[in-house]
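Residue 70 in the UniProt record's numbering sits at position 70 of the sequence shown, with consecutive numbering throughout.
Below: the structure, in structure tokens.
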Amino acid sequence: MKPSTHRMLTRIKSVYMFINERGTVTTQELVDEFGITPRTIQRDLNVLAYNDLVRSPSKGKWTTTNKKVKMSS
């Protein structure tokens, strides 16, 4: 796996865990927490949403779904 792919997957996992711990977060909270651009966060959220791991109950807010996730290190 390319280093850039590994970094992206690690970041997406961290984003998911952050949302899961907080319950509901805004896109801006994610931008502030991870220090990346809103566009990059949106891409990460799109990956998570495509895999049915997060959903947006209202514009700009995100929460995890009830889908079970097996975490590995």
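No residue lacks a Cβ here, since even glycine has one placed at the ideal position from N, Cα and C.
Query	Result
Between Thr24 and Thr63, how many whole angstroms is the CB-CB distance? I'm expecting something under 8 Å.	5 Å
Along the chain, where does the alpha helix (DSSP H) containing Thr27 start, and where does it finish?	27-34
What three-state label does DSSP hand Val15 in the structure shown?	helix
Could you tell me the distance, in whole angstroms, from the CA atom of Glu21 to the CA atom of Ile36?	20 Å
Looking at Val54 and Ile19, is the spacing between their C-beta atoms short of 7 Å?	yes
Considering Thr63, what are the terminal residues of the beta strand (DSSP E) in which it resides?	61-64
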